[in-house]
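*Asks:* Numbering (the UniProt record's numbering) for the sequence shown: 1 to 162. Think of the CB as a built atom: it goes at the ideal place given N, C-alpha and C, for glycine as much as any other residue.
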Amino acid sequence: MPQIHQLYPVPSVQYPNDHDGIDASARDYIFGCPISAVANDAARSTGQPIWRYVYNAYFPNQQPIPGLRAYHSSEIFEIFGTYSQHGATQQQTQLSNFMQAAWANFAKNPSGGPGWNTISSSTLGELGANEKIISNYDDADDDNPTTTVAVSNEQTLRSANI
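1. By the 10 Å Cβ neighbour count, where 16 or more other Cβ atoms means buried, how is I30 classified, buried or exposed?
2. Tell me the start and end of each unbroken beta strand (DSSP E) in the UniProt domain "Carboxylesterase type B" (20-121) that is at least 3 residues and wholly inside, in chain order.
3. Do you know offhand how far P9's Cα is from S135's?
4. Say whether the segment 30-47 touches the segment 103-114, bearing in mind that this needs 3 or more beta-carbon pairs closer than 8 Å, one atom from each stretch.
5. If the criterion is Cβ atoms closer than 8 Å, does the pair N56 and G125 meet it?
6. Applying the criterion that 16 or more other CB atoms from any shown protein chain within 10 Å of the CB defines a buried residue, is D28 buried or exposed?
7. Tell me E131's beta-bridge partners as DSSP assigns them.
8. What does DSSP give as the partner residue(s) for L124 in the beta ladder?
9. Taking just the CA atoms, how far does P2 sit from T82?
10. Helix, strand or coil for P2? Go by DSSP, reduced to three states.
11. Compare the beta carbon distance of R52 and A70 with 8 Å and say whether it is the shorter of the two.
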């Protein structure tokens, strides 16, 4: 437990309460660390470019539980443009347009990538954080390289030779 408290200090700016600290540690254990390990192993063993992203946006018009924030698969609404138009924000519309274009361009030209760095760098694409459409999330800033702290939903995109 002391190691968990070191990685997820409560209270802190990042984790102001127990709920946020527990949520972050469980999320990283279930999603972040395994995805990171698989993506890094695949990049090393195949030599193919691989991209990871962090979806960190949340919008009140798509929250099944108030205050839930970003959750596993919550970006699907933006990818397909099926989010509720009632209460939609300009950022939500712009993010959806960006994601649809990124996914379509990636499908057309996998080696061109979706619009952010491959995992050969420590920087991941961060979608929707802090009212931005795309920004960089530096995975190397974490105290533990297998932990992706402050991510709400992480997915992996992989290009393949077809």
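*Replies:* Reading off the structure:
1. That one is exposed.
2. Here the runs fully enclosed are 50-55.
3. Going by the C-alpha atoms only, they are around 25 Å apart.
4. Pairwise C-beta distances place the segment 30-47 out of contact with the segment 103-114, as fewer than three of them are shorter than 8 Å.
5. No, these two residues do not count as a Cβ contact at 8 Å.
6. Counting Cβ neighbours within 10 Å, D28 comes out buried, since at least 16 surround it.
7. Residue pairing by DSSP places E131 opposite no residue, since no beta bridge is assigned to it.
8. Answer is Y137, bridged to L124.
9. Taking C-alpha positions only, T82 is separated from P2 by approximately 43 Å.
10. Here P2 sits in helix by DSSP.
11. No, the Cβ-Cβ distance between R52 and A70 is not below 8 Å.
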